[in-house]
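Chemist: Under this note's numbering, the sequence shown is numbered contiguously, ending at residue 369. Where is the CB? At the ideal position from N, CA and C, for every residue including glycine. All of these numbers come straight from a predicted model, not from anything done at the bench.
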Amino acid sequence: MLSNIRARALSLQFKSIRRFVILILSRIPRDLERAIIFGDALNHLLMISPLKYLFKFSIPPNIKATLYDLQFESPLISASFKDDVSSLLQWQLVGIGGITYKTVLKSPSEGNLRPRIQEVNYKGDYAILNSLGLPTKGVRKFIASLDNKKMTDFNRPIGISIGGNSPEEYFVVFKEIDDHLNSLDYKQFFYEINISCPNTDDGKCLSDDLNNLKELLLKFRSISSRVIVVKVSPDSSDNDIIKICNILAEISKTAINIGNSKYVKADEVGLSSKSFSKEGGGLSGKNLYDNTLRMVQLVSSKYDIPIIATGGISSYENVRELLDNGASLIGVATLLVTDPFQIPLINQKLSK
Ligand SMILES: Cc1cc2nc3c(=O)[nH]c(=O)nc-3n(C[C@H](O)[C@H](O)[C@H](O)COP(=O)(O)O)c2cc1C
Numbered sequence: 018m019l020s021n022i023r024a025r026a027l028s029l030q031f032k033s034i035r036r037f038v039i040l041i042l043s044r045i046p047r048d049l050e051r052a053i054i055f056g057d058a059l060n061h062l063l064m065i066s067p068l069k070y071l072f073k074f075s076i077p078p079n080i081k082a083t084l085y086d087l088q089f090e091s092p093l094i095s096a097s098f099k100d101d102v103s104s105l106l107q108w109q110l111v112g113i114g115g116i117t118y119k120t121v122l123k124s125p126s127e128g129n130l131r132p133r134i135q136e137v138n139y140k141g142d143y144a145i146l147n148s149l150g151l152p153t154k155g156v157r158k159f160i161a162s163l164d165n166k167k168m169t170d171f172n173r174p175i176g177i178s179i180g181g182n183s184p185e186e187y188f189v190v191f192k193e194i195d196d197h198l199n200s201l202d203y204k205q206f207f208y209e210i211n212i213s214c215p216n217t218d219d220g221k222c223l224s225d226d227l228n229n230l231k232e233l234l235l236k237f238r239s240i241s242s243r244v245i246v247v248k249v250s251p252d253s254s255d256n257d258i259i260k261i262c263n264i265l266a267e268i269s270k271t272a273i274n275i276g277n278s279k280y281v282k283a284d285e286v287g288l289s290s291k292s293f294s295k296e297g298g299g300l301s302g303k304n305l306y307d308n309t310l311r312m313v314q315l316v317s318s319k320y321d322i323p324i325i326a327t328g329g330i331s332s333y334e335n336v337r338e339l340l341d342n343g344a345s346l347i348g349v350a351t352l353l354v355t356d357p358f359q360i361p362l363i364n365q366k367l368s369k
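1) Which residues in the same chain have their Cβ closer than 8 Å to the Cβ of Ile-330, if we skip the five residues on either side of it in sequence?
2) Under DSSP, the beta strand (DSSP E) around Tyr-208 begins and ends at which residues?
3) Look at the Cβ atom of Glu-209, then the Cβ atom of Gly-155, and state whether they are nearer than 9 Å.
4) Hey, how far is the Cα of Ile-325 from the Cα of Ile-273?
5) Among all the DSSP beta bridges, which residues are the ones paired with Gln-88?
6) If you pair each beta-carbon of the region 284 to 294 with each one of the region 227 to 244, do three or more pairs fall below 8 Å?
7) State the DSSP-derived secondary structure class of Lys-119, mapped to helix, strand or coil.
8) So, Gly-128 versus Leu-110, is the Cβ gap smaller than 9 Å?
9) Nearest-angstrom Cα distance between Leu-300 and Ile-22?
10) Give the range of the alpha helix (DSSP H) segment to which Ala-26 is assigned.
11) Do Pro-132 and Ser-292 have their C-beta atoms within less than 9 Å of each other?
12) With respect to the alpha helix (DSSP H) encompassing Glu-285, which residues constitute its N-terminal and C-terminal limits?
13) Across the region 56 to 65 and the region 135 to 154, are there enough close Cβ pairs to call them in contact, namely three or more that are closer than 8 Å?
14) Using 10 angstroms around the beta-carbon of Pro-357, count the other beta-carbons present and answer buried if the total reaches 16, otherwise exposed.
15) To the nearest angstrom, report how far apart Lys-438 and Lys-303 are at their CA atoms.
16) Does the distance from the CB of Ser-91 to the CB of Leu-315 come in under 9 Å?
17) Should Val-349 be counted as a contact of ligand 1 given a C-beta to heavy atom distance under 8 Å?
18) Since Ile-3 is in the alpha helix (DSSP H), which residue starts that stretch and which ends it?
19) Within the same chain, show all residues whose beta-carbon is closer than 8 Å to that of Ile-179, passing over the 5 residues directly before and after it, in chain order.
20) So, with DSSP's three-state summary, where would you put Leu-146?
21) Return the chain-ordered list of same chain residues with a C-beta closer than 8 Å to the C-beta of Ser-162, the five sequence neighbours on each side being excluded.
22) Using C-beta distances below 7 Å, list every residue in its chain close to Ile-363, excluding the 5 sequence neighbours before and after it, in chain order.
23) Can you tell me where the alpha helix (DSSP H) with Val-316 in it begins and where it stops?
24) Have a look at Ile-53 and Lys-204 and give me their C-alpha separation to the nearest angstrom.
Here it is as structure tokens:
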């Protein structure tokens, strides 16, 4: 009861501070990334000070979820979109059951030119459009940042999202990370293969050639027994989703994550070439929800493959509906940046 009141009060405070920062920093010229950089720095200061305990909420003991041998204290996990330790720490404190690092590629890359992320209105709902283009510190630096006690002390599963510009690159990244994980005592890691990339320059994706995907997954499986999740795009056809599920059904300890952001043209959401450097980008937020639910129903009605539902999830009602329709875990991104204090509130409702 008291913790619900605290979560509600902090939620109001968080939302007002966030709105104020965006108003001051991101309006002229329009670029949400300035507010994000400031917000991340502010959060970093909070997370290295005793004020971080304001974010600490316990997770009710009766809402555990599993994915093969991985144990999640809550079915809510952070989707792959950030890799700064302070954000991942904040979300674990508020009660996320597991985290997923932002997609890592083989070589360091700055991503696309700014402005490349904006908040927009899509069909009446708040949404975020990004064409970050997978900025990454590269696999070597990523590995060096992995043995972080601040993350592993929570003893919650940690997902590593892998991307690549070719199947060979995916494999190099996977192998380097797997070799390193094998040397660690901490065991609760899993992989997520990001096969949809609406933001890369050539627009090419592993999902374009499903034979490559199958071959690659078999290669991964031949060197690692960890859980492998394949994250698909909401732009995939039902037919492609079925084909991907047929592949996953043949490979042990795999799961599907439905799904990534959805490709939308910038001018459809009122952005000009001055406010968005690319023609379009990946849309995140509430508007994805109906399609997420539909895809979860499609997969769960035909397959036993565990499902992580991601895309547009913003309330307890969404979470309940997805779990009731066959999802094992629930991935959130936009909710974590707009209102992270919803996590303890949803956890509490799930425990009833
Ligand atoms: C700024 C930003 C960066 C993202 N980067 C990645 C990424 O690196 N890898 C990935 O698989 N998904 C990425 N995503 C997609 C999210 O993981 C998630 O699938 C999507 O935002 C839909 O969930 P939501 O509606 O809860 O935001 C990104 C999303 C945002 C907003």
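Modeler: In terms of the structure at hand:
1) Excluding sequence positions up to five before and after Ile-330, its CB lies within less than 8 Å of the CB of Tyr-306, Thr-309, Val-336, Leu-339, Ile-347, Gly-348, Val-349 and Leu-352, all in the same chain and listed in chain order.
2) Its beta strand (DSSP E) spans residues 206 to 211.
3) No. Outside cutoff.
4) Separation of Ile-325 and Ile-273 (C-alpha to C-alpha, rounded to the nearest whole angstrom) is 6 Å.
5) Note: Gln-88 sits in a beta bridge opposite Thr-83.
6) Contact fails: fewer than three Cβ-Cβ distances are below 8 Å.
7) Lys-119 falls in the strand class under three-state DSSP.
8) No. Outside cutoff.
9) Going from the Cα of Leu-300 to the Cα of Ile-22 covers about 32 Å.
10) It spans 19 to 42 - the alpha helix (DSSP H) in which Ala-26 sits, taken as one unbroken run.
11) When the beta-carbon positions are compared, Pro-132 and Ser-292 come within less than 9 Å of each other.
12) In the DSSP annotation of this structure, Glu-285 is not part of any alpha helix (DSSP H), being labelled neither H nor E.
13) Because the criterion of three Cβ pairs below 8 Å is not met, the region 56 to 65 and the region 135 to 154 do not touch.
14) Buried is the call here.
15) Residue 438 lies beyond the range of the chain shown here (18 to 369); nothing can be said about it.
16) Between Ser-91 and Leu-315, the C-beta spacing is not below 9 Å.
17) Yes, since a heavy atom of ligand 1 falls inside the 8 Å radius drawn around the Cβ of Val-349.
18) Only positions 18 to 369 of the chain appear in this structure, which leaves residue 3 out of reach.
19) Contacts found: Thr-120, Val-121, Tyr-187, Val-190, Phe-191, Ile-194, Tyr-208, Glu-209, Ile-210 and Asn-211.
20) Three-state DSSP puts Leu-146 in a strand.
21) Once the five neighbours on either side are set aside, the close Cβ partners of Ser-162 are Asp-100, Val-102 and Lys-154.
22) Correct list, in chain order: Leu-93, Tyr-333 and Val-336.
23) DSSP places Val-316 inside the alpha helix (DSSP H), whose first and last residues are 306 to 319.
24) Cα-Cα distance, rounded: 32 Å.
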